[in-house]
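Taking the working numbering, the leading residue of the sequence shown gets 211, the next gets one more, and so forth. Before any comments, here is the structure.
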Amino acid sequence: MRGLRAQVASFDRPVRLLMANQFAINLGFYMLMPYLADHLAHGLGLAAWTVGLVVGVRNLSQQGMFLIGGTLADRYGCKPMILTGCAMRTVAFGLLAVAGSLPALILASALTGLAGALFNPAVRAYLAAAAGEERRVEAFAAFNVFYQAGILVGPLTGLALLAWDFSAVCAAAALVFAALALLQARALPATAAVNRSAGSAWRAVAGDWRTIAADRPFLLFAAAMTGSYVLAFQVYLALPLRSRELFGAQTGPVTGAVFAASALAALSGQLKLTAWAKRTLGGPQAIAYGLVVMGAAFLPLMPRPYPGVPGRAVSVLALLLCASLLAWGGALLYPFEMDTVVRFSGDRLVATYYGAYNTACGIAVSLGNLAVGALFGTGIRWLPWAALAAIGGACAGVVAGLHRAGHLAPGTVPAPG
Numbered sequence: 211m212r213g214l215r216a217q218v219a220s221f222d223r224p225v226r227l228l229m230a231n232q233f234a235i236n237l238g239f240y241m242l243m244p245y246l247a248d249h250l251a252h253g254l255g256l257a258a259w260t261v262g263l264v265v266g267v268r269n270l271s272q273q274g275m276f277l278i279g280g281t282l283a284d285r286y287g288c289k290p291m292i293l294t295g296c297a298m299r300t301v302a303f304g305l306l307a308v309a310g311s312l313p314a315l316i317l318a319s320a321l322t323g324l325a326g327a328l329f330n331p332a333v334r335a336y337l338a339a340a341a342g343e344e345r346r347v348e349a350f351a352a353f354n355v356f357y358q359a360g361i362l363v364g365p366l367t368g369l370a371l372l373a374w375d376f377s378a379v380c381a382a383a384a385l386v387f388a389a390l391a392l393l394q395a396r397a398l399p400a401t402a403a404v405n406r407s408a409g410s411a412w413r414a415v416a417g418d419w420r421t422i423a424a425d426r427p428f429l430l431f432a433a434a435m436t437g438s439y440v441l442a443f444q445v446y447l448a449l450p451l452r453s454r455e456l457f458g459a460q461t462g463p464v465t466g467a468v469f470a471a472s473a474l475a476a477l478s479g480q481l482k483l484t485a486w487a488k489r490t491l492g493g494p495q496a497i498a499y500g501l502v503v504m505g506a507a508f509l510p511l512m513p514r515p516y517p518g519v520p521g522r523a524v525s526v527l528a529l530l531l532c533a534s535l536l537a538w539g540g541a542l543l544y545p546f547e548m549d550t551v552v553r554f555s556g557d558r559l560v561a562t563y564y565g566a567y568n569t570a571c572g573i574a575v576s577l578g579n580l581a582v583g584a585l586f587g588t589g590i591r592w593l594p595w596a597a598l599a600a601i602g603g604a605c606a607g608v609v610a611g612l613h614r615a616g617h618l619a620p621g622t623v624p625a626p627g
């Protein structure tokens with residue numbers, strides 16, 4: 211903890227504020243969202259398809275709008291998008307506290323997703339610029355610690371507030387985002403827009419998007435890195451499915467332990483892994499190694515679970531090991547992954563590149579989850595885990611190939627023309 215405090219203190223105030231901002235964003239989001247589906251189904255008595263619609267609208271509005279959010283941040287500045295996103299989340303969570311009709315719930319869900327699409331690329335672009343090229347990797351490493359801490363503390367805070375009711379959770383989350391908007395409006399310095407070219411705004415935007423679409427190495431890198439997001443998401447899908455297979459309806463404590471192991475592994479390992487990788491590896495190697503570790507995380511789950519209490523204990527340990535390896539692999543690659551996206555942008559369209567990158571990853575997660583669900587449906591127990599392990603290895607191979615071709619080395623990524 212002392213190492214984290216010293217590292218955070220070494221950055222300028224805007225960087226420190228953005229790290230605290232990300233903790234609060236995840237605190238407010240995760241104190242509410244894990245309990246939304248249950249509230250819709252049992253608190254409001256909605257049909258299952260309606261619950262899926264409301265939750266799906268949130269995912270679609272966020273993943274589908276990342277590119278728009280990044281483009282707006284580059285054109286109008288990061289700070290306005292961060293403030294707008296926080297204000298929008300305040301309204302959305304306040305609406306969820308009182309909404310009882312389907313149209314109101316869909317509106318609140320769409321606003322929740324759109325808010326994330328606005329501030330996520332803007333925060334990362336601002337952090338990259340404020341930290342500077344020399345300290346970007348360290349900044350993203352510390353940033354991820356705050357990110358994971360919010361994921362760890364948020365659900366626990368929401369669970370405590372559920373002792374009152376779901377409206378109290380929504381109100382508390384809305385207050386978090388309202389406080390964030392006010393704090394950043396006063397304390398976060400404004401940044402200049404980087405895309406104020408003359409002429410038609412949409413013509414300029416279309417030109418930026420064409421630049422990204424023509425950046426083949428970036429597109430290949432983004433395609434490879436979507437694998438890391440598909441793998442990381444299995445903490446929410448494949449691991450709970452294995453837990454339910456083992457324990458049936460009594461899976462809650464095991465699933466909670468898996469989430470806790472994932473967050474604690476990331477929190478404890480992030481700075482150490484980043485420092486080790488900077489000493490002994492380059493950025494591309496760290497990314498490739500991280501992908502290999504994330505793929506290998508699923509290998510302990512391939513054997514058929516043994517019966518009886520000892521067998522269940524071994525299976526639980528395998529789940530916890532998988533979650534920890536996923537977190538460590540993600541922690542190893544994350545700062546270098548974010549730094550690489552900045553390098554591809556040529557430091558000119560950073561938010562737009564992040565937006566395009568996040569959109570690609572969001573689409574991949576949706577398609578990947580469908581594929582993983584289909585693999586579980588085959589009844590072949592080892593197949594989903596083998597496929598997930600293969601994804602990690604294949605994506606690592608693509609990253610290594612890009613590095614060998616000279617596309618990922620510092621200083622070799624040209625500025626967009």
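For glycine and all other residues, C-beta sits at the position ideal for the given N, C-alpha and C.
Selected residue, minimal CA-CA separation from residue i, among the options
i, options, result
"leucine 535", "Ile292, Ser472 and Pro463", "Ser472"
"glycine 591", "Val519, Ala467, Leu449 and Ile497", "The identity of residue 591 in the sequence shown is arginine, whereas the question assumes glycine. Per the Cα distances, Leu449."
"tyrosine 446", "Pro244, Asp222, Gln232 and Arg223", "Pro244"
"isoleucine 278", "Thr569, Leu529 and Val333", "Thr569"
"glutamate 343", "Ala561, Gly616 and Gly556", "Gly556"
"glycine 493", "Leu228, Val464 and His613", "His613"
"cysteine 532", "Ser478, Phe469, Ala307 and Thr550", "Phe469"
"valine 440", "Gln217, Ser478, Arg223 and Gly572", "Gly572"
"serine 454", "Lys488, Ala378, Gly505 and Pro515", "For clarity, residue 454 is arginine in the given sequence; the question names serine instead. Comparing Cα positions, the closest option is Pro515."
"phenylalanine 329", "Leu315, Leu317, Arg345 and Ile292", "Ile292"
"methionine 229", "Leu527, Gly213, Val333 and Ala581", "Val333"
"leucine 317", "Trp486, Pro427 and Leu263", "Leu263"
"valine 524", "Val582, Leu580 and Leu456", "Leu456"
"arginine 345", "Pro427, Gly253, Val218 and Gln273", "Val218"
"leucine 618", "Trp374, Ala442, Pro427 and Arg522", "Pro427"
"alanine 442", "Val582, Gly213, Val519 and Gly253", "Val582"
"arginine 522", "Ser478, Arg489, Gly458 and Leu580", "Gly458"
Cut-off 6 Å between Cβ atoms - residues of its own chain near residue i, not counting five sequence neighbours on either side
i, result
"alanine 537", "Ser472, Ala475 and Ala476"
"leucine 256", "Leu250"
"glycine 280", "Pro331, Ala561, Thr562, Tyr564 and Gly565"
"tryptophan 595", "Phe508, Leu511 and Met512"
"serine 383", "Note that residue 383 is alanine in the sequence shown here, rather than serine. Counting only Cβ-Cβ distances below 6 Å, and skipping sequence neighbours, we find Gly238, Met241, Leu242 and Phe303."
"serine 220", "none"
"alanine 320", "Val267 and Ser271"
"valine 415", "Thr281"
"leucine 362", "Ala473"
"proline 365", "Tyr240 and Pro244"
"aspartate 222", "none"
7 Å CB neighbourhood of residue i in its chain, flanking five on each side removed
i, result
"valine 225", "Leu337, Ala340, Ala341 and Ala349"
"leucine 312", "Thr260"
"alanine 351", "Gln480, Leu481, Thr484 and Pro545"
"threonine 622", "Summary for threonine 622: the model assigns pLDDT 46, below 50, so the residue's position carries little reliability, and this model does not support an answer."
"alanine 400", "Gly287 and Lys289"
Residue i vs residue j beta-carbon contact at 8 Å
i, j, result
"alanine 541", "leucine 593", "no"
"leucine 559", "serine 438", "no"
"isoleucine 497", "glutamate 547", "yes"
"methionine 275", "leucine 242", "no"
"glycine 238", "phenylalanine 387", "yes"
"valine 464", "leucine 529", "yes"
"leucine 598", "glutamine 444", "yes"
"glycine 466", "valine 503", "no"
"glycine 360", "glycine 326", "no"
"leucine 315", "alanine 309", "yes"
"aspartate 549", "valine 265", "no"
"tyrosine 567", "valine 552", "no"
"leucine 247", "alanine 283", "First, the residue type needs correcting, since residue 247 is alanine and not leucine in the sequence shown. Not closer than 8 Å, so no."
Close Cβ partners of residue i (< 8 Å) along its chain, the five nearest in sequence each way excluded
i, result
"leucine 227", "Leu393, Gln394, Ala397 and Leu398"
"glycine 603", "Leu501, Val502 and Gly505"
"asparagine 269", "Gly323, Gly572 and Ser576"
"leucine 451", "Phe586"
"leucine 371", "Met241, Ala378, Val379 and Ala382"
"alanine 408", "In this prediction, alanine 408 scores a pLDDT of 47, lower than 50, which makes its location untrustworthy; the coordinate-derived value is nonetheless stated afterwards. Result list for alanine 408: empty, nothing under 8 Å."
"leucine 305", "Ala314, Leu317, Ala318 and Leu321"
Do the region 299-306 and the region 585-601 meet, that is, are 3 or more Cβ pairs less than 8 Å apart?
Result no; under three Cβ-Cβ pairs closer than 8 Å.
Three or more C-beta pairs under 8 Å: does that hold for the region 602-615 against the region 422-432?
Contact between the region 602-615 and the region 422-432 is present, because at least three Cβ pairs lie under 8 Å.
Pairs of beta-carbons, one from the region 574-582 and one from the region 280-289, closer than 8 Å: are there three or more?
Not touching, per the Cβ criterion.
Across the region 227-237 and the region 355-366, are there enough close Cβ pairs to call them in contact, namely three or more that are closer than 8 Å?
These segments touch.
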